[in-house]
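Quick note on this note's numbering: the sequence shown kicks off at 61 and runs consecutively.
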Amino acid sequence: MPELPEVEVTRLSFADRIAGARIDAVSLGKPLRWPLGCAPQQLLGQRVLAVRRRGKYLLLDLSEGLLLMHLGMSGSLSFGTDFPAAGKHDHFDMVTSQGTLRLHDPRRFGAVVYAASQSDAVAQKLLGRLGVEPLSEAFDAALFHQALTGRKTPIKQLLLAGEVVVGVGNIYASEVLFLAGIRPVTPALRISKPRAALLHHAIQQVLTQAVAKGGSTLRDFSNAQGEAGHFQLEAMVYDRAGLPCRVCAAPIKSLRQGQRSTFYCAVCQKP
Ligand SMILES: [Zn+2]
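Here it is, written out as structure tokens:
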């Protein structure tokens with residue numbers, strides 16, 4: 061599933077190229093997770109002013125309103141010219157004066173949603189409950205520790221929920237907890253201030269590194285220029301069950317938490 065780094069990598073791969081483009085045509089394939097929320101014709105003639113990101117949403121600022129795009133479980137965007145006709149897994153094509161933006165999404169958990177503004181009800185329903193951005197200055201170590209206090213939820217589950225900090229999905233949650241030396245099942249309230257500071261630092265470090273590596277390509281993620289990511293090749297624990305820990309050589313363990321796979325080293329990570 062595309063996580064924050066993959067969404068940011070996608071954004072970086074087409075934001076500059078689409079900025080200023082005029083929307084000339086929009087065609088929809090099969091229904092996505094949520095409906096577009098406007099007639100496609102309403103978008104014609106509008107300009108794409110900028111592409112921002114909030115959590116795992118891409119926000120395309122238009123002359124009037126914005127498009128919120130989500131890659132769901134299996135989505136990827138491409139932006140270019142001379143595309144072949146839309147295939148059976150291409151469910152959103154937006155032809156602009158500078159190229160076509162196409163959403164390819166075999167499982168169709170992704171979405172493209174129009175909102176009149178970022179503060180209106182449609183946008184707030186999707187963005188309103190998101191936690192702080194981990195790569196922004198608003199992500200503060202002391203506030204992060206405060207947000208963990210009083211919560212019995214296992215730390216990995218709390219990170220995945222995205223209400224404290226957004227963007228730490230399944231791959232990166234295992235990785236940041238390894239880096240911080242914290243077991244994934246540790247209740248959040250058991251994490252001391254110094255350990256929370258280590259975790260805060262690990263979140264920023266891992267996500268920054270993942271963006272720099274072009275994200276992780278597990279099945280078929282690629283950025284909007286069709287390039288795969290390489291972070292997964294350097295994962296310390298993710299998808300390495302039974303393999304020796306890269307630090308202590310003990311076999312990496314795995315367990316299920318909330319129906320998601322978790323990977324950790326029982327030696328390097330303390331409860
Ligand atoms: Zn280890």
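Note that the Cβ used here is the ideal one computed from N, Cα and C, for glycine as well.
Burial state of residue i (16 or more Cβ within 10 Å)
| i | result |
| --- | --- |
| C308 | exposed |
| K116 | buried |
| L43 | In the structure displayed, the chain extends from 61 to 331; residue 43 sits before or after that span and is not available. |
| G302 | exposed |
| G159 | buried |
Helix, strand or coil at residue i [DSSP, three-state]
| i | result |
| --- | --- |
| H149 | coil |
| F139 | strand |
| L127 | strand |
| A79 | coil |
| A284 | coil |
| P65 | helix |
| P100 | helix |
| S73 | helix |
| L303 | coil |
| L293 | helix |
| P276 | It is worth fixing the name first, because residue 276 is Ser in this sequence and not Pro. In the structure shown, S276 sits in coil (DSSP, three-state: anything other than H, G, I, E or B). |
Boundaries of the beta strand (DSSP E) in which residue i is found, first to last residue
| i | result |
| --- | --- |
| A171 | A171 to A175 |
| F323 | R320 to Y324 |
| K313 | K313 to Q317 |
| L122 | Y117 to L122 |
| A248 | No beta strand (DSSP E) holds A248; DSSP gives it neither H nor E. |
| A110 | V108 to R114 |
For residue i, the first and last residue of its enclosing alpha helix (DSSP H)
| i | result |
| --- | --- |
| A256 | K253 to A272 |
| T160 | Careful: T160 lies outside any alpha helix (DSSP H), inside the beta strand (DSSP E) at G159 to H164. |
Sequence ranges, alpha helix (DSSP H) only - wholly within the region 179-245, length at least 4
If we require 4 residues or more, the alpha helix (DSSP H) runs fully inside the region 179-245 come out as 181-187, 201-208, 215-221 and 230-240.
Sufficient close CB pairs (3 or more, under 8 Å) joining the region 287-304 to the region 315-330:
yes
Counting beta carbon pairs with one atom in the region 110-126 and one in the region 74-81, are three or more of them shorter than 8 Å?
yes
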